[in-house]
Amino acid sequence: NHIPEISMTGKFSYEIDGEKKDVTLNKFEKFQLILTPEKLEKIKFYNVDGDIAVTSRFISPMKDLLPGSNQLIELSRAYSVNANVTTVFRQSDLIKITLSPKFSENAPDGYYEITDVLPSCLRFVSGLPMEEDSWYPDAVEGQKVTFGFYYSRKYHKDRKIVYYARAVMSGEFTADNALMKHYLSDVAAFAEKTQVKVHK
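Residue numbers (my numbering): 139 to 338.
Following this line, the structure appears as structure tokens:
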């Protein structure tokens with residue numbers, strides 16, 4: 139029996155803003171286009187020849203991905219050194235990190251998981267003397283620090299999660315969004331990304 143040879147070459151053309159381009163893909167080659175939402179709506183493809191697969195990926199602020207139910211809770215984050223709130227540190231500074239959850243009247247009771255991601259210039263510090271708001275994390279995995287938080291509408295009082303990190307590297311860095319998520323529903327909230335700077 140003769141098995142016909144499979145073509146390993148694919149071809150297509152596309153047009154954006156009146157400009158046409160031809161693309162040839164050999165074997166397992168890939169071709170990538172980075173488009174704004176406006177250009178994505180206008181792009182046109184022609185003369186597709188061969189077995190070609192298309193995938194798309196969208197980048198959006200994390201808070202834009204939350205369903206409407208997530209207006210029920212909020213999460214904010216602050217950095218401070220010697221009681222002064224700041225995002226500018228010196229190398230070796232001990233930094234206090236405060237996570238402040240807030241709950242609306244309709245927020246569900248129960249356990250919440252709060253996950254913070256330290257920027258790469260900071261390292262989690264354990265074993266410090268306890269103060270009133272200090273918390274021990276449930277888990278520390280690299281730069282990710284996770285806490286459990288129980289909320290009850292009936293017995294709730296404003297509480298904050300406090301933990302510490304050390305500045306170990308100079309430069310400018312981004313602290314990714316911190317996340318608070320209810321265990322038994324899709325209710326969630328993000329703290330905003332933060333730009334931090336560490337001086338030598």
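Cβ atoms here follow ideal geometry from the backbone N, Cα and C, with glycine treated the same way.
Could you pull the start and end residues of the alpha helix (DSSP H) that L178 belongs to? Unbroken alpha helix (DSSP H) run through L178: 175-180.
Per DSSP, which residues does L213 bridge with? Please list them. Within the DSSP bridge table, the entry for L213 names P239 as partners.
Apart from the five residues just before and just after R261, which ones in its own chain have a Cβ nearer than 7 Å to its Cβ? A303, R304, V306
Given this structure, state the Cα-to-Cα distance separating S222 from I235, to the nearest angstrom. Residue identity differs from the one stated: residue 222 is Asn in this sequence, not Ser. Here the alpha carbons of I235 and N222 stand approximately 11 Å from one another.
Residues in the same chain with beta-carbon distance under 8 Å from I181, minus the five sequence neighbours each way, listed in chain order, please. Y152, E153, I154, L171, L173
Taking only the alpha-carbon atoms, compute the straight-line gap between V334 and T147 and give it to the nearest angstrom. 48 Å
Looking only at DSSP bridge pairs, what is A277 linked to? T284
Answer yes if the stretch 310-317 comes into contact with the stretch 251-258, meaning at least three C-beta pairs across the two stretches below 8 Å, and no otherwise. Verdict: yes, contact present.
So, for H337: in the same chain, excluding its five sequence neighbours on each side, which residues have a beta-carbon less than 8 Å away from its beta-carbon? Answer for H337: V226, F227, R228, Q229, S308, listed in chain order.
For A245 and G188, I'd like the C-alpha separation in whole angstroms. 53 Å
Just reading off the beta strand (DSSP E) that N164 is part of, what are its end residues? 157-164
Below 8 Å CB to CB, which residues in the same chain sit around P175 once its five sequence neighbours on both sides are set aside? none
Decide if Y321 is buried, meaning its Cβ has at least 16 other Cβ atoms within 10 Å, or exposed. exposed
Quick one: what's got a C-beta closer than 8 Å to T224's C-beta in the same chain, skipping five residues either side? Y217, S218
Rounded C-beta distance between K159 and N185? I'm assuming under 8 Å. Contact flag wrong, Cβ pair sits at about 11 Å.
Using only alpha-carbon positions, find the residue among F241, K295, F169 that is nearest to A326. F241
Candidates K295, R291, A191: which alpha carbon is nearest K165's? A191
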